[in-house]
Structure formats: C-alpha cells, structure tokens
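Colleague: I am attaching a structure below and will ask some questions about it afterwards.
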Amino acid sequence: MTAADCKALQILKVKTPNTGSIEAQINQKRLIRSIMEVEKRRGKRQKEAQEQGTDPKSKQSEES
Numbered sequence: 066m067t068a069a070d071c072k073a074l075q076i077l078k079v080k081t082p083n084t085g086s087i088e089a090q091i092n093q094k095r096l097i098r099s100i101m102e103v104e105k106r107r108g109k110r111q112k113e114a115q116e117q118g119t120d121p122k123s124k125q126s127e128e129s
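Numbering (this note's numbering), first residue to last: 66 to 129.
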C-alpha cells in the first residue's frame with residue numbers, strides 16, 4: 066500500500082459512516098479503486114514528464 070492509498074482510506078473512513086450495508090461497502094471499494102487508478106495514471110504522467118524533462122511541477126516551481 067502506498068502513502069496515497071493510506072491517505073485515501075483515511076479520508077473514506079472519516080467521510081463514510083459505518084453503515085454496515087453491502088451497498089455502502091461496494092461503493093467504498095469502487096471509490097478506492099478509482100482513486101488508486103487516478104494515482105497510478107498521475108504517477109505514470111509524472112514519470113514520463115521527468116524522463117522528457119518537462120515535469121509540470123518543476124515548471125511551476127521555476128515560474129514562482
């Protein structure tokens with residue numbers, strides 16, 4: 066589990082009450098999966114950008 070996954074779980078635990086309903090559990094699992102997918106894509110984009118030397122974060126820090 067990455068730090069992002071842990072953070073996502075913490076947020077979900079705070080925002081979703083412990084209803085115990087199956088539907089809520091399914092929705093929570095879907096949400097976790099979608100968050101993990103987004104984090105993976107973001108990581109891939111950052112890696113590609115760093116390899117090409119066009120990391121959006123480094124550009125922003127240079128401008129400011």
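Glycine included, every Cβ here is placed at the ideal spot set by N, Cα and C. None of the values given here were measured: they were computed from a predicted structure.
The alpha helix (DSSP H) with serine 86 in it runs from where to where?
Modeller: As a working mapping, residue 86 is identified with position 21 in the sequence shown. No alpha helix (DSSP H) holds serine 86; DSSP gives it neither H nor E.
Colleague: Measuring only the C-alpha atoms, how far is alanine 114 from serine 86?
Modeller: Here residue 114 refers to the residue found at position 49 of the sequence shown. Here residue 86 refers to the residue found at position 21 of the sequence shown. C-alpha separation (whole angstroms): 42 Å.
Colleague: Glycine 118 by DSSP, collapsed to three states: which one?
Modeller: Indexing the sequence shown from 1 puts residue 118 at position 53. The answer is coil: DSSP assigns glycine 118 none of H, G, I, E or B.
Colleague: Whole angstroms is fine: what's the gap from glutamine 90's alpha carbon to isoleucine 97's?
Modeller: On the sequence shown, residue 90 is found 25 positions in, with the first residue counted as 1. On the sequence shown, residue 97 is found 32 positions in, with the first residue counted as 1. Taking the straight line from one Cα to the other gives about 11 Å.
Colleague: Determine the burial state of alanine 68: buried for a count of at least 16 other Cβ atoms within 10 Å of its Cβ, exposed for fewer.
Modeller: Along the sequence shown, read from residue 1 onward, the residue named residue 68 stands at position 3. Classification for alanine 68: exposed.
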